[in-house]
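First up is the structure itself, then whatever we jot down about it.
There are 2 protein chains.
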Amino acid sequence: MYQVSLTAIPNVPLVQSRDSVGDIVMTALQDANVSLKEQDIVVIASKIVSKAEGRVISLSTITPSDRAREIATISGKDPRIVELMIQESKAILRVKPGVVVTVHRLGFVCTSAGIDRANVEEGTVSLLPQNPDESAAKVRHLLMEKFGVNVAVVINDSFGIEYRAGSIGLALGVAGVPALLKGNSDEKDIYDRKRNVSILFADEISAAASLLMGQSSAGIPLVVVSGLQYPVTEESRITDLVVSSQIDSDLAEQGQS
Amino acid sequence: MYQVSLTAIPNVPLVQSRDSVGDIVMTALQDANVSLKEQDIVVIASKIVSKAEGRVISLSTITPSDRAREIATISGKDPRIVELMIQESKAILRVKPGVVVTVHRLGFVCTSAGIDRANVEEGTVSLLPQNPDESAAKVRHLLMEKFGVNVAVVINDSFGIEYRAGSIGLALGVAGVPALLKGNSDEKDIYDRKRNVSILFADEISAAASLLMGQSSAGIPLVVVSGLQYPVTEESRITDLVVSSQIDSDLAEQGQS
Numbered sequence: 001m002y003q004v005s006l007t008a009i010p011n012v013p014l015v016q017s018r019d020s021v022g023d024i025v026m027t028a029l030q031d032a033n034v035s036l037k038e039q040d041i042v043v044i045a046s047k048i049v050s051k052a053e054g055r056v057i058s059l060s061t062i063t064p065s066d067r068a069r070e071i072a073t074i075s076g077k078d079p080r081i082v083e084l085m086i087q088e089s090k091a092i093l094r095v096k097p098g099v100v101v102t103v104h105r106l107g108f109v110c111t112s113a114g115i116d117r118a119n120v121e122e123g124t125v126s127l128l129p130q131n132p133d134e135s136a137a138k139v140r141h142l143l144m145e146k147f148g149v150n151v152a153v154v155i156n157d158s159f160g161i162e163y164r165a166g167s168i169g170l171a172l173g174v175a176g177v178p179a180l181l182k183g184n185s186d187e188k189d190i191y192d193r194k195r196n197v198s199i200l201f202a203d204e205i206s207a208a209a210s211l212l213m214g215q216s217s218a219g220i221p222l223v224v225v226s227g228l229q230y231p232v233t234e235e236s237r238i239t240d241l242v243v244s245s246q247i248d249s250d251l252a253e254q255g256q257s
Numbered sequence: 001m002y003q004v005s006l007t008a009i010p011n012v013p014l015v016q017s018r019d020s021v022g023d024i025v026m027t028a029l030q031d032a033n034v035s036l037k038e039q040d041i042v043v044i045a046s047k048i049v050s051k052a053e054g055r056v057i058s059l060s061t062i063t064p065s066d067r068a069r070e071i072a073t074i075s076g077k078d079p080r081i082v083e084l085m086i087q088e089s090k091a092i093l094r095v096k097p098g099v100v101v102t103v104h105r106l107g108f109v110c111t112s113a114g115i116d117r118a119n120v121e122e123g124t125v126s127l128l129p130q131n132p133d134e135s136a137a138k139v140r141h142l143l144m145e146k147f148g149v150n151v152a153v154v155i156n157d158s159f160g161i162e163y164r165a166g167s168i169g170l171a172l173g174v175a176g177v178p179a180l181l182k183g184n185s186d187e188k189d190i191y192d193r194k195r196n197v198s199i200l201f202a203d204e205i206s207a208a209a210s211l212l213m214g215q216s217s218a219g220i221p222l223v224v225v226s227g228l229q230y231p232v233t234e235e236s237r238i239t240d241l242v243v244s245s246q247i248d249s250d251l252a253e254q255g256q257s
């Protein structure tokens with residue numbers, strides 16, 4: 001019987017700037033007496049990666065530009081946070097009361113460029129990690145060295161879905177596991193017809209892990225997924241999940257490209 | 001340690017019209033020697049619910065209207081399928097080459113009104129279940145009676161996410177488990193600040209189960225989620241996940257409301 005287990009790793013310490021994410025993950029796994037098996041996937045909340053990489057910014061250091069003030073007026077957002085959104089983005093896709101939709105410099109669309117006030121000190125905000133794929137790959141290599149097995153790492157975050165009333169865990173960075181699982185030409189439906197379905201595999205892994213990470217107070221930033229079947233890959237990148245052409249066409253419609 | 005397990009139930013038979021979904025689920029669980037425990041969640045692929053409810057339509061019986069032909073010309077979709085989309089929807093939100101975005105009669109936004117050619121006989125398509133919450137509730141009551149414990153049921157389906165390159169399992173119907181998990185006023189972040197985060201809980205459960213349901217050929221429409229902590233509710237509805245105001249405002253922008 002095909003069974004997958006999700007294990008929340010307890011007691012991950014509060015992360016400080018310049019901590020090594022790999023060391024933190026390793027220590028937490030050891031303290032929890034969890035050793036990784038072949039093809040286990042470690043899912044890490046992006047917040048602790050951001051913190052370790054010093055991506056927590058004090059708002060008092062930010063001077064908003066005229067453009068940031070304009071967008072802040074329409075959206076009702078703090079102009080300093082809007083200034084950071086602009087710096088973190090390739091483009092601003094939509095501004096409405098209460099929402100700024102951005103094309104993040106990493107290539108995907110998200111609200112507020114992923115900038116977040118939760119679980120950081122008052123007066124500061126966290127930015128997304130500098131390069132989540134690279135951060136995931138670093139942790140992966142450390143874990144593979146330590147445990148002597150092939151494992152994967154996914155970095156997840158909470159994102160909104162258009163027309164839906166809350167947030168869901170989606171993938172932000174991947175290493176060792178496909179971001180997108182493509183139906184290949186051998187893939188057929190139960191009536192033996194060819195199908196070309198692509199599954200947002202890393203997003204589904206991220207959503208699953210988010211179930212255990214839970215609400216903000218839970219403070220569980222680390223979940224191990226065991227038993228999931230997938231093709232090991234060295235080539236996976238988070239941008240495999242992104243339809244750039246759709247983003248470009250929407251930007252072109254606004255005269256931004 | 002907080003642990004959740006996902007079990008794919010094998011050998012679910014091909015479902016025929018007028019089968020009882022509850023009986024099918026029960027038989028599959030018994031054949032797999034799986035008995036449900038308190039707060040287990042049974043996730044069912046919407047496709048088998050549609051089939052059991054006779055929601056598989058032969059395209060030869062459909063005559064497209066003028067409006068359906070118009071939308072078919074722009075989108076490149078089969079005019080008969082577009083006719084069904086119109087019948088299944090409150091409104092058509094966007095039409096572009098390759099995509100028709102609909103407001104489904106059940107209240108949420110999805111492409112092609114959830115109409116799908118996969119895993120049904122050639123020349124037919126499946127529509128979404130008539131009332132997925134009700135279908136979920138029926139199965140739930142049967143399972144609770146049979147196993148003598150409180151369990152929940154989620155019906156899931158594959159949906160696209162805007163700007164993302166594939167599909168993800170999201171919730172279509174719920175019974176016994178919150179669709180949306182609201183951060184209540186006691187909920188605080190790790191710095192003890194109040195947070196009002198709402199989590200698309202049934203969507204995360206659906207995505208997790210979809211990992212095991214896998215590609216179309218896998219044909220695993222039934223997954224049991226064990227060990228997940230959640231508040232039991234009798235009041236959950238799939239529309240808890242939907243931001244109707246956002247849909248209404250987008251429709252109003254098009255002069256459709």
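In order, the protein sequence lines correspond to chains A and B.
Oh and the first sequence: position 83 is 83 in the UniProt record's numbering, straight run, nothing missing.
Oh and the second sequence: position 17 is 17 in the UniProt record's numbering, straight run, nothing missing.
Quick reminder that beta carbons are idealized off the backbone N, C-alpha and C, glycines included.
Comparing C-alpha positions only, which one of the options sits nearest to residue i?
i                      : options                       : result
residue 84 of chain B  : B:250, B:66 and B:236         : B:66
residue 183 of chain A : A:110, A:82 and A:197         : A:197
residue 47 of chain B  : B:71, B:251, B:110 and B:119  : B:119
residue 140 of chain A : A:44, A:32 and A:57           : A:44
residue 27 of chain B  : B:17, B:11, B:16 and B:18     : B:11
residue 342 of chain B : B:30, B:18 and B:246          : Beyond the ends of chain B as shown, which are 1 and 257, falls residue 342 of chain B; an answer cannot be given.
residue 33 of chain B  : B:79, B:253, B:232 and B:147  : B:147
residue 37 of chain A  : A:207, A:153, A:159 and A:254 : A:153
residue 271 of chain B : B:226, B:130 and B:138        : Because chain B is modelled from 1 through 257, residue 271 of chain B falls outside the range shown and cannot be assessed.
residue 53 of chain B  : B:219, B:132, B:252 and B:230 : B:132
residue 20 of chain A  : A:101, A:111 and A:138        : A:138
residue 142 of chain B : B:245, B:207, B:22 and B:13   : B:22
residue 166 of chain B : A:246, A:254 and A:89         : A:246
Who are the Cβ neighbours of residue i in its own chain at under 8 Å, not counting the five residues just before and after it?
i                      : result
residue 228 of chain A : 4, 39, 41 and 205
residue 241 of chain B : 108, 171, 179, 180, 200, 202 and 203
residue 60 of chain B  : 123
residue 144 of chain B : 150 and 151
residue 74 of chain A  : 95, 96 and 97
residue 233 of chain A : 176, 177 and 178
If contacts are defined as beta-carbon pairs under 8 Å, then residue i and residue j qualify, I think. What distance do you get, rounded to the angstrom?
i                      : j                      : result
residue 267 of chain B : residue 155 of chain B : The first residue shown for chain B is 1 and the last is 257, placing residue 267 of chain B beyond what the model contains.
residue 76 of chain A  : residue 97 of chain A  : 6 Å
residue 262 of chain A : residue 1 of chain B   : What is shown of chain A runs 1 to 257, which leaves residue 262 of chain A out entirely.
residue 210 of chain B : residue 238 of chain B : Incorrect: roughly 16 Å between the Cβ atoms, too far for contact.
residue 127 of chain B : residue 55 of chain B  : 4 Å
residue 93 of chain A  : residue 248 of chain A : Wrong, their Cβ atoms sit about 11 Å apart, outside the cutoff.
residue 91 of chain B  : residue 103 of chain B : 4 Å
residue 236 of chain A : residue 174 of chain A : 5 Å
residue 243 of chain A : residue 164 of chain B : 7 Å
residue 15 of chain A  : residue 222 of chain A : Between residue 222 of chain A and residue 15 of chain A the Cβ distance is about 11 Å, and since that is not below 8 Å, they are no contact.
residue 252 of chain A : residue 208 of chain B : So it is not a contact: roughly 37 Å between Cβ atoms.
Sorted by chain position, which residues of the same chain lie with C-beta nearer than 6 Å to residue i's C-beta, five sequence neighbours on each side aside?
i                      : result
residue 82 of chain B  : 68, 71 and 72
residue 79 of chain A  : 64, 68, 69 and 72
residue 185 of chain A : Its pLDDT being 49, under 50, residue 185 of chain A is placed unreliably by the model, and the measurement read from it follows with that caveat. Cβ neighbours of residue 185 of chain A beyond the five flanking positions: none.
Got a sec? Which residues, its chain only, sit under 7 Å from residue i by beta carbon, not counting five neighbours each side?
i                      : result
residue 117 of chain A : 125
residue 58 of chain A  : 123 and 124
residue 62 of chain A  : 80, 83 and 84
residue 110 of chain A : 102, 104 and 159
Taking Cβ-Cβ distances shorter than 7 Å, what residues in chain D pair up with residue i?
i                      : result
residue 169 of chain B : Going by chain labels, chain D is absent from the structure shown, which instead holds the protein chains A and B.
Relative to chain B, which residues along the segment 197–228 of chain A have a C-beta separation below 7 Å, given in chain order?
197, 198, 199, 200, 203, 204, 205, 207, 208, 210, 211, 212, 215, 216, 217, 219 and 228
Could you please tell me which residues of the segment 151–165 of chain A, in chain order, have their CB closer than 7 Å to any CB of chain B?
161, 162, 163, 164 and 165
Which residues, in chain order, does the segment 96–110 of chain B contribute to contact with chain A at a C-beta distance below 8 Å?
108 and 109
Selection of the segment 234–249 of chain B by Cβ proximity to chain A, strictly under 8 Å:
240, 241, 242, 243, 246 and 247
Would you mind listing the beta strand (DSSP E) stretches within the segment 200–227 of chain B that are 3+ residues and don't spill past its ends, in chain order?
222–226
What residues from the segment 24–42 of chain B come within 7 Å of chain A, judged by C-beta to C-beta, listed N to C?
32
What residues from the segment 2–15 of chain B come within 9 Å of chain A, judged by C-beta to C-beta, listed N to C?
2, 3, 4, 5, 6, 7, 8, 9, 10 and 14
Which runs of the beta strand (DSSP E) fall wholly inside the segment 11–73 of chain B and span at least 3 residues, in chain order?
41–45 and 56–58
Closer than 8 Å, Cβ to Cβ, to anything on chain A: give me those residues from the segment 128–145 of chain B, in chain order.
none
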